[in-house]
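Colleague: This is the structure I have questions about; it appears just below.
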Amino acid sequence: PPVLIAQHIPEAFSAPFARRMDGCCQVTVCEAKDGQIIEPGHVYIAPGHSHLRVAKGPNGLICQLGQDDRINRHRPSVEALFDSVAKHVNKKAVAVMMTGMGADGADAMKRLRDSGAYCIAQDQKTSVVWGMPGEAVKRDATDEQQPLEKIAERVLELVSKG
Numbered sequence: 001p002p003v004l005i006a007q008h009i010p011e012a013f014s015a016p017f018a019r020r021m022d023g024c025c026q027v028t029v030c031e032a033k034d035g036q037i038i039e040p041g042h043v044y045i046a047p048g049h050s051h052l053r054v055a056k057g058p059n060g061l062i063c064q065l066g067q068d069d070r071i072n073r074h075r076p077s078v079e080a081l082f083d084s085v086a087k088h089v090n091k092k093a094v095a096v097m098m099t100g101m102g103a104d105g106a107d108a109m110k111r112l113r114d115s116g117a118y119c120i121a122q123d124q125k126t127s128v129v130w131g132m133p134g135e136a137v138k139r140d141a142t143d144e145q146q147p148l149e150k151i152a153e154r155v156l157e158l159v160s161k162g
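Below, the structure written as structure tokens:
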């Protein structure tokens, strides 16, 4: 499946991070560009200066970047990404909240789950910081918790079911 990532990362690091991941992964990894078509087998990382959202384009879903206000003190914000996925993908989506400080994305993950998406949180034991996934669990925004090493396998299992 296509994968979209909103990671709290400084602007200077998002493009080099995407290039490094592209060299390490079997899938194509890139820093997302505004208007870029979202394709299976590709990973799109939010630039450190912009929110990454999913939008409808003339030929399917596209990446939409925005430098609008910070959300939960962040840009990129998980909240912006998850809300757009709830609007345009909803029950076909699988969302994952991984280690991180704060609560960014927890409320939007709840809205995403309520739209029919399947939501996974990284478990506390394998999280460096269980803030964000812990907040999602507290807000009843998740269907399950998984250890870091099981998340990818679980996502692929879920999307293969259609």
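Under the numbering used here, the letters of the sequence shown match residues 1 to 162, in that order. The C-beta atom is built at its ideal place from N, Cα and C for all residues, glycine as well.
Nearest by alpha-carbon distance to glycine 134: which of Gln124, Lys92, Phe17 is it?
Modeller: Reading the sequence shown from its first residue, position 134 is the one you call residue 134. The candidate whose alpha carbon is nearest that of glycine 134 is Gln124.
Colleague: With a Cβ-Cβ cutoff of 8 Å, do glutamine 146 and arginine 154 count as a contact?
Modeller: Your numbering for residue 146 matches position 146 in the sequence shown. Your numbering for residue 154 matches position 154 in the sequence shown. Result yes, Cβ atoms of glutamine 146 and arginine 154 sit closer than 8 Å.
Colleague: My assumption, with CB atoms under 8 Å, is that isoleucine 37 sits in contact with isoleucine 62. Please give the rounded CB distance.
Modeller: Residue mapping note: residue 37 aligns to position 37 of the sequence shown, counting from 1. Residue mapping note: residue 62 aligns to position 62 of the sequence shown, counting from 1. That belief holds up - the Cβ atoms of isoleucine 37 and isoleucine 62 are roughly 6 Å apart, short of 8 Å.
Colleague: Under 8 Å between the Cβ atoms of alanine 6 and leucine 112?
Modeller: Stepping through the sequence shown from its first residue, residue 6 is reached at position 6. Stepping through the sequence shown from its first residue, residue 112 is reached at position 112. No, the pair does not count as a contact, with Cβ atoms beyond the cut-off.
Colleague: On the three-pair Cβ rule with 8 Å, is the region 62 to 77 touching the region 92 to 101?
Modeller: no
Colleague: Since glutamine 64 sits in a beta bridge, which residues does DSSP pair it with?
Modeller: Here residue 64 refers to the residue found at position 64 when the sequence shown is read from its first residue. Paired residue(s): Arg53.
Colleague: Are valine 128 and glycine 105 touching if we call contact CB-CB under 8 Å?
Modeller: As a first step, residue 128 must be located in the sequence shown, where it is residue number 128. As a first step, residue 105 must be located in the sequence shown, where it is residue number 105. Not closer than 8 Å, so no.
Colleague: According to DSSP, simplified to helix, strand and coil, what is glutamate 39?
Modeller: Here residue 39 corresponds to residue number 39 of the sequence shown, with the count starting at 1. Note: glutamate 39 maps to coil in three-state DSSP.
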